[in-house]
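Chains as they are written, first to last, in my numbering: chain X, 1 to 140; chain S, 141 to 280. Shown next, in structure tokens, is the structure this report addresses.
2 protein chains.
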Amino acid sequence: MDKKQIGEKVDQAASTGRMKLGELGSFIRDQRKAARLSLRKLSDQAGISNPYLSQIERGLRKPSAEILQSIAKALQISAETLYIRAGILDERRDSDTISAILQDPYLSEAHKRSLVEIYNNYLQLSAEAPKAATVKDVTG
Amino acid sequence: MDKKQIGEKVDQAASTGRMKLGELGSFIRDQRKAARLSLRKLSDQAGISNPYLSQIERGLRKPSAEILQSIAKALQISAETLYIRAGILDERRDSDTISAILQDPYLSEAHKRSLVEIYNNYLQLSAEAPKAATVKDVTG
DNA sequence: ATCTTTGTATAACAGTTGCAAGCACTAGAG
DNA sequence: CTCTAGTGCTTGCAACTGTTATACAAAGAT
Chain X
1 MDKKQIGEKV
11 DQAASTGRMK
21 LGELGSFIRD
31 QRKAARLSLR
41 KLSDQAGISN
51 PYLSQIERGL
61 RKPSAEILQS
71 IAKALQISAE
81 TLYIRAGILD
91 ERRDSDTISA
101 ILQDPYLSEA
111 HKRSLVEIYN
121 NYLQLSAEAP
131 KAATVKDVTG
Chain S
141 MDKKQIGEKV
151 DQAASTGRMK
161 LGELGSFIRD
171 QRKAARLSLR
181 KLSDQAGISN
191 PYLSQIERGL
201 RKPSAEILQS
211 IAKALQISAE
221 TLYIRAGILD
231 ERRDSDTISA
241 ILQDPYLSEA
251 HKRSLVEIYN
261 NYLQLSAEAP
271 KAATVKDVTG
């Protein structure tokens, strides 16, 4: 990888970061408008300064998780929604139930397998259900 | 609420915050030691400076979600674990499995109830599991 | 004994986060 | 028309986050 390619990689990473902040900001602004709130109203309710909220919406600043939490609460949406958009949290997979079972910290491997199997049996009894997912499908 | 009570409230909140950072730091140190890693080794693997990791472990600094993510990855634990301890994420994610079962669009109510019951039975067979969660607990 | 590793202290520093004060503009009321 | 209230943004700044470099004491290894 020569210098030109390294330069391109860096530029790409930088603009990707900015895009993420812009998306988050746009999303917050959209939610705010959907809630019929002015920027000042939302900032008051979230307990943050209105210039700062403005900067966040325009993607100029990267707010901490705490600020995101405050905004989410004021918007009456889940904080996780904002965390996901901010890149703090991963997006849940499609096969939530199996995924949740497999990641449960309190289940043994044997119990996990049993639950997955029971779950798949139940799916087969439901005409509207998708094709039964396997453990392999989930772990990829 | 008179001034004395307000003062006590503020003091309590402040010390609660400090306790939270100390808990997080202790947890990270415990995990590090369980993994038989030196502070310098973990900081290298996490890509953060060792004095900073030391300060985090001693509860002197409040790391960003990104730093927590790096530490979690180096410790091979989920970032969510650290987020919860840092107060970024609610512990209600602990009942992910039940929550996922209940929200699964392809399960009938009867099947949901059955799966939850089986899950709770498995929890009771595990000494380390938390107290069995009920459907009511999850839905709030 | 010496040398290495470990965790911590400290200071200086750069960059970032979030705020307060203030500005420019628009819409509506009188 | 003027004035007021509301709106979103600009700017400068303080505090914080995270780094680097250096140093030290204690523990562990040879």
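Note that the Cβ used here is the ideal one computed from N, Cα and C, for glycine as well.
With a 10 Å radius around the Cβ and a threshold of 16 neighbouring Cβ atoms, S/R198 comes out exposed. By the 16-neighbour rule on beta-carbons within 10 angstroms, S/K173 is exposed. Residues are counted here when their Cβ sits less than 8 angstroms from a Cβ of chain S; for the stretch 48 to 72 of chain X these are S64, A65, E66, Q69, given in chain order. Residues of chain S with a Cβ closer than 9 angstroms to the Cβ of X/T97 are, in chain order, T237, A240, I241, Q243, D244, Y246, L247, L255. CA-to-CA, the gap between X/L82 and X/R29 works out to about 12 angstroms. Contact with chain S is absent for X/A35, since none of that chain's Cβ atoms lies less than 9 angstroms from the residue's Cβ.
Note that the C-beta distance between X/A74 and X/Q45 is below 9 angstroms. For S/E163, no Cβ of chain X is located within less than 9 angstroms of the residue's own Cβ. Looking only at S/S166, S/Q209, S/I224, S/L242, the smallest Cα-Cα distance to S/G187 is reached by S/Q209. Approximately 4 angstroms separates the beta-carbon atoms of X/A100 and S/A240; this is inside 8 angstroms, confirming the contact.
In the DSSP assignment, S/S178 falls outside any alpha helix (DSSP H), carrying neither H nor E. X/S54: member of the alpha helix (DSSP H) spanning 50 to 57, first to last residue.
Membership of X/E80 in the alpha helix (DSSP H) is indicated by the continuous run 79 to 86. A check of alpha carbon separations from S/E163 across S/D244, S/I238, S/L200 identifies S/L200 as the nearest.
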